[in-house]
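Numbering-wise, the sequence shown is residues 1 to 236 according to full-length UniProt numbering.
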Amino acid sequence: MGKLTKSAKEVRGRHQLTVRVKTSKYRDKSSNKWLARQLNDPYVAESKRLGYRSRAAFKLIQLDEKYKFLGKGKRIVDLGCAPGGWTQVAVMRNKGAGKVVGIDILETQPVEGATLIQQDFTEDEAAEKLKILLDGEADIVMSDMAANTTGHQQTDHLRTIALVEIAYTFAKEVLAEGGIFIAKVFKGGAEAGLLADIKKNFRKVSHCKPDASRAGSPEEYLVAEGFKSKGRISDS
(Lines of atoms letter the chains of each structure in order from A and count residues from 1; the text may use other names and numbers.)
(Lines give C-alpha, C1' and ligand atoms only; values in the text may rest on other atoms or scores of the structure.)
Protein backbone atom coordinates (compact mmCIF):
# COMPACT_ATOMS: atom_id res chain seq x y z
CA MET A 1 0.00 0.00 0.00
CA GLY A 2 1.37 3.41 -0.97
CA LYS A 3 2.18 6.44 1.15
CA LEU A 4 -0.84 7.81 2.99
CA THR A 5 -2.31 10.99 1.53
CA LYS A 6 -3.62 13.01 4.45
CA SER A 7 -5.36 16.15 3.23
CA ALA A 8 -8.29 16.65 0.86
CA LYS A 9 -6.31 19.43 -0.82
CA GLU A 10 -3.42 17.05 -1.49
CA VAL A 11 -5.75 14.41 -2.95
CA ARG A 12 -7.42 16.88 -5.27
CA GLY A 13 -4.06 18.36 -6.25
CA ARG A 14 -2.90 15.00 -7.60
CA HIS A 15 -5.83 14.67 -9.99
CA GLN A 16 -6.56 17.78 -12.05
CA LEU A 17 -7.51 16.38 -15.45
CA THR A 18 -11.17 16.01 -16.42
CA VAL A 19 -12.18 12.85 -18.27
CA ARG A 20 -15.09 13.20 -20.68
CA VAL A 21 -17.30 10.16 -21.12
CA LYS A 22 -18.58 9.42 -24.60
CA THR A 23 -22.20 8.47 -24.91
CA SER A 24 -23.02 4.86 -25.73
CA LYS A 25 -26.18 3.12 -26.84
CA TYR A 26 -25.40 0.49 -24.20
CA ARG A 27 -25.58 3.02 -21.33
CA ASP A 28 -28.43 5.27 -20.24
CA LYS A 29 -27.94 8.86 -19.06
CA SER A 30 -27.72 7.93 -15.37
CA SER A 31 -25.04 5.33 -16.14
CA ASN A 32 -23.05 7.89 -18.13
CA LYS A 33 -23.35 10.35 -15.27
CA TRP A 34 -22.19 7.75 -12.72
CA LEU A 35 -19.24 6.73 -14.92
CA ALA A 36 -18.16 10.35 -15.42
CA ARG A 37 -18.34 10.97 -11.68
CA GLN A 38 -16.22 7.90 -10.95
CA LEU A 39 -13.60 8.73 -13.57
CA ASN A 40 -13.28 12.33 -12.34
CA ASP A 41 -13.42 11.62 -8.62
CA PRO A 42 -9.95 12.26 -7.12
CA TYR A 43 -10.67 9.91 -4.21
CA VAL A 44 -11.48 7.03 -6.57
CA ALA A 45 -8.16 7.59 -8.35
CA GLU A 46 -6.24 7.98 -5.09
CA SER A 47 -7.78 4.85 -3.56
CA LYS A 48 -6.60 2.86 -6.58
CA ARG A 49 -3.13 4.41 -6.35
CA LEU A 50 -2.78 3.51 -2.68
CA GLY A 51 -4.44 0.11 -2.90
CA TYR A 52 -7.59 0.86 -0.91
CA ARG A 53 -10.67 -1.14 -1.84
CA SER A 54 -12.96 1.85 -1.83
CA ARG A 55 -12.87 5.65 -1.71
CA ALA A 56 -14.64 5.35 1.66
CA ALA A 57 -11.22 4.65 3.20
CA PHE A 58 -10.50 8.38 3.00
CA LYS A 59 -13.61 9.18 5.03
CA LEU A 60 -12.24 7.14 7.92
CA ILE A 61 -8.76 8.62 7.48
CA GLN A 62 -10.19 12.15 7.66
CA LEU A 63 -12.40 11.32 10.64
CA ASP A 64 -9.35 9.95 12.44
CA GLU A 65 -7.32 13.04 11.59
CA LYS A 66 -10.02 15.15 13.24
CA TYR A 67 -10.85 12.99 16.28
CA LYS A 68 -7.66 10.89 16.62
CA PHE A 69 -9.32 7.66 17.78
CA LEU A 70 -7.28 5.11 15.82
CA GLY A 71 -3.81 4.14 16.94
CA LYS A 72 -1.40 1.40 17.84
CA GLY A 73 -2.81 -1.49 19.83
CA LYS A 74 -6.54 -0.74 19.52
CA ARG A 75 -9.23 -3.42 19.50
CA ILE A 76 -11.49 -2.46 16.59
CA VAL A 77 -14.75 -3.84 15.19
CA ASP A 78 -15.80 -2.88 11.66
CA LEU A 79 -19.53 -3.59 11.21
CA GLY A 80 -20.69 -4.19 7.64
CA CYS A 81 -17.05 -4.23 6.61
CA ALA A 82 -17.35 -5.22 2.93
CA PRO A 83 -15.52 -4.44 0.69
CA GLY A 84 -12.87 -3.76 3.35
CA GLY A 85 -11.63 -0.19 2.88
CA TRP A 86 -12.24 0.85 6.49
CA THR A 87 -10.73 -2.42 7.71
CA GLN A 88 -7.57 -1.70 5.70
CA VAL A 89 -7.21 1.73 7.32
CA ALA A 90 -7.80 0.32 10.81
CA VAL A 91 -5.09 -2.32 10.32
CA MET A 92 -2.64 0.24 8.96
CA ARG A 93 -3.17 2.63 11.86
CA ASN A 94 -2.93 -0.19 14.39
CA LYS A 95 0.72 -0.50 13.31
CA GLY A 96 0.91 -4.26 13.70
CA ALA A 97 -0.54 -4.32 17.22
CA GLY A 98 -4.04 -4.70 18.62
CA LYS A 99 -6.87 -6.54 16.88
CA VAL A 100 -9.14 -5.67 13.97
CA VAL A 101 -12.25 -7.75 13.33
CA GLY A 102 -14.59 -7.09 10.42
CA ILE A 103 -18.04 -8.63 10.14
CA ASP A 104 -20.48 -8.63 7.23
CA ILE A 105 -23.24 -10.80 5.80
CA LEU A 106 -21.45 -10.44 2.46
CA GLU A 107 -18.23 -12.26 1.70
CA THR A 108 -15.20 -9.99 2.05
CA GLN A 109 -11.83 -10.73 0.53
CA PRO A 110 -9.14 -11.26 3.20
CA VAL A 111 -7.39 -8.21 4.62
CA GLU A 112 -3.91 -8.91 5.92
CA GLY A 113 -3.75 -8.20 9.65
CA ALA A 114 -7.51 -8.46 10.21
CA THR A 115 -9.94 -11.24 11.07
CA LEU A 116 -13.04 -11.26 8.88
CA ILE A 117 -16.32 -13.02 9.69
CA GLN A 118 -19.15 -13.63 7.27
CA GLN A 119 -22.10 -13.43 9.65
CA ASP A 120 -25.10 -11.32 10.65
CA PHE A 121 -23.86 -9.31 13.64
CA THR A 122 -27.39 -9.19 15.08
CA GLU A 123 -27.29 -12.93 15.77
CA ASP A 124 -27.24 -13.78 19.48
CA GLU A 125 -23.74 -15.23 19.59
CA ALA A 126 -22.05 -12.56 17.45
CA ALA A 127 -21.10 -10.18 20.28
CA GLU A 128 -19.45 -12.86 22.42
CA LYS A 129 -17.72 -14.30 19.36
CA LEU A 130 -16.21 -10.92 18.55
CA LYS A 131 -15.01 -10.35 22.10
CA ILE A 132 -13.24 -13.72 21.99
CA LEU A 133 -11.56 -12.78 18.70
CA LEU A 134 -10.56 -9.39 20.13
CA ASP A 135 -9.24 -10.93 23.37
CA GLY A 136 -11.51 -8.56 25.28
CA GLU A 137 -13.92 -5.70 24.81
CA ALA A 138 -13.62 -3.33 21.85
CA ASP A 139 -12.02 0.11 21.98
CA ILE A 140 -13.81 1.14 18.78
CA VAL A 141 -16.96 0.00 17.01
CA MET A 142 -17.36 1.63 13.61
CA SER A 143 -19.99 1.32 10.92
CA ASP A 144 -20.04 2.74 7.39
CA MET A 145 -23.29 0.90 6.67
CA ALA A 146 -26.16 2.57 4.84
CA ALA A 147 -29.39 1.14 3.51
CA ASN A 148 -29.78 0.90 -0.25
CA THR A 149 -31.10 4.25 -1.39
CA THR A 150 -34.56 4.67 -2.89
CA GLY A 151 -34.17 8.26 -4.07
CA HIS A 152 -36.68 9.41 -1.46
CA GLN A 153 -34.63 11.34 1.10
CA GLN A 154 -36.89 10.82 4.11
CA THR A 155 -37.24 7.07 3.45
CA ASP A 156 -33.49 6.69 2.97
CA HIS A 157 -32.85 8.65 6.18
CA LEU A 158 -35.19 6.44 8.22
CA ARG A 159 -33.77 3.21 6.80
CA THR A 160 -30.21 4.29 7.55
CA ILE A 161 -31.15 5.42 11.08
CA ALA A 162 -32.58 1.94 11.66
CA LEU A 163 -29.15 0.52 10.81
CA VAL A 164 -27.49 3.02 13.16
CA GLU A 165 -29.77 1.92 15.98
CA ILE A 166 -28.91 -1.74 15.39
CA ALA A 167 -25.18 -0.93 15.27
CA TYR A 168 -25.46 1.17 18.44
CA THR A 169 -27.23 -1.61 20.31
CA PHE A 170 -24.43 -3.97 19.30
CA ALA A 171 -21.75 -1.43 20.26
CA LYS A 172 -23.13 -1.21 23.80
CA GLU A 173 -22.65 -4.96 24.14
CA VAL A 174 -18.99 -5.04 23.13
CA LEU A 175 -17.41 -1.65 23.92
CA ALA A 176 -14.98 -1.17 26.77
CA GLU A 177 -15.20 1.73 29.20
CA GLY A 178 -14.15 4.90 27.35
CA GLY A 179 -14.74 3.28 23.93
CA ILE A 180 -15.78 5.02 20.72
CA PHE A 181 -18.73 4.43 18.40
CA ILE A 182 -18.73 5.79 14.84
CA ALA A 183 -21.63 5.42 12.42
CA LYS A 184 -22.83 6.82 9.14
CA VAL A 185 -26.06 8.81 9.36
CA PHE A 186 -27.87 10.97 6.84
CA LYS A 187 -28.24 14.74 7.13
CA GLY A 188 -30.27 15.51 10.19
CA GLY A 189 -28.31 13.01 12.28
CA ALA A 190 -29.85 10.40 14.52
CA GLU A 191 -33.47 10.55 15.61
CA ALA A 192 -34.03 12.58 18.78
CA GLY A 193 -34.74 9.58 21.03
CA LEU A 194 -31.78 7.59 19.75
CA LEU A 195 -29.45 10.58 19.95
CA ALA A 196 -30.56 11.28 23.51
CA ASP A 197 -29.75 7.70 24.50
CA ILE A 198 -26.35 7.86 22.81
CA LYS A 199 -25.56 11.11 24.64
CA LYS A 200 -26.55 9.47 27.91
CA ASN A 201 -24.13 6.60 27.37
CA PHE A 202 -21.17 8.52 25.91
CA ARG A 203 -19.32 11.52 27.29
CA LYS A 204 -19.16 13.40 23.98
CA VAL A 205 -21.19 13.12 20.75
CA SER A 206 -20.35 14.97 17.52
CA HIS A 207 -21.41 14.98 13.88
CA CYS A 208 -18.95 15.45 11.03
CA LYS A 209 -18.98 15.36 7.23
CA PRO A 210 -15.49 14.46 5.93
CA ASP A 211 -14.21 16.19 2.79
CA ALA A 212 -14.16 12.77 1.10
CA SER A 213 -17.97 12.60 1.31
CA ARG A 214 -19.38 13.75 -2.01
CA ALA A 215 -20.71 17.30 -1.94
CA GLY A 216 -24.21 16.26 -2.96
CA SER A 217 -24.43 13.38 -0.50
CA PRO A 218 -26.62 13.79 2.62
CA GLU A 219 -24.30 11.53 4.62
CA GLU A 220 -22.40 12.55 7.70
CA TYR A 221 -20.88 10.62 10.59
CA LEU A 222 -21.84 10.37 14.22
CA VAL A 223 -18.80 10.15 16.50
CA ALA A 224 -19.58 9.14 20.10
CA GLU A 225 -16.58 9.21 22.45
CA GLY A 226 -16.10 8.01 26.01
CA PHE A 227 -18.48 5.09 26.44
CA LYS A 228 -19.84 4.66 29.95
CA SER A 229 -19.88 0.89 30.36
CA LYS A 230 -22.62 1.06 32.98
CA GLY A 231 -24.77 2.34 30.12
CA ARG A 232 -25.22 -1.25 28.92
CA ILE A 233 -28.37 -1.31 31.04
CA SER A 234 -29.87 1.65 29.16
CA ASP A 235 -31.89 0.84 26.06
CA SER A 236 -33.00 3.33 23.47
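Each residue gets a CB set at the ideal place from its N, CA and C atoms; glycine is no exception.
Exercise for review: On a CA-only basis, which of 103, 108, 96 and 225 is nearest residue 79? Give me that one, please.
Suggested key: Translated into the one-based positions of the sequence shown, residue 79 becomes position 79. With respect to the C-alpha of residue 79, the residue from 103, 108, 96 and 225 having the closest C-alpha is 103.
Review point. Going straight from the alpha carbon of residue 213 to that of residue 222, what length do you get?
Key: Mapped onto the sequence shown, residue 213 falls at position 213. Mapped onto the sequence shown, residue 222 falls at position 222. When only Cα atoms are considered, residue 213 and residue 222 end up about 14 Å apart.
Point to revise | Neighbourhood of residue 183 by C-beta distance below 6 Å, restricted to the same chain and skipping five residues each side | key: As a first step, residue 183 is located in the sequence shown; it is residue number 183 there, counting from the start. Contacts found: 143, 164, 167 and 222.
Review point. By how many angstroms is the C-alpha of residue 55 removed from the C-alpha of residue 89?
Key: Translated into positions along the sequence shown, residue 89 becomes position 89. Translated into positions along the sequence shown, residue 55 becomes position 55. Taking the straight line joining both Cα atoms gives about 11 Å.
**Study point:** Presumed contact (8 Å Cβ cut-off) between residue 107 and residue 118, rounded CB distance
**Key:** What you label residue 107 is simply residue 107 of the sequence shown in a count that begins at 1. What you label residue 118 is simply residue 118 of the sequence shown in a count that begins at 1. In this structure, residue 107 and residue 118 form a Cβ contact; the two beta carbons are roughly 5 Å apart against a cut-off of 8 Å.
Practice item. Mark residue 112 as exposed unless 16 or more other C-beta atoms lie within 10 angstroms of its C-beta, in which case mark it buried. Key: Indexing the sequence shown from 1 puts residue 112 at position 112. Exposed, by the Cβ-count rule.
Point to revise | Simplified DSSP assignment, three categories, for residue 145 | key: The residue given as residue 145 occupies position 145 in the sequence shown. It is coil, neither helix nor strand.
Exercise for review: Please classify residue 151: does DSSP put it in a helix, a strand, or coil?
Suggested key: If you number the sequence shown from 1, residue 151 lands on position 151. In the structure shown, residue 151 sits in coil (DSSP, three-state: anything other than H, G, I, E or B).
**Study point:** Spatial neighbours of residue 94 in its chain, beta-carbon cut-off 8 Å, leaving aside the 5 residues before and after
**Key:** Within the sequence shown, numbered from 1, the residue matching residue 94 stands at position 94. So the qualifying residues of the chain are 70, 71, 72, 73, 74, 76, 100 and 113.
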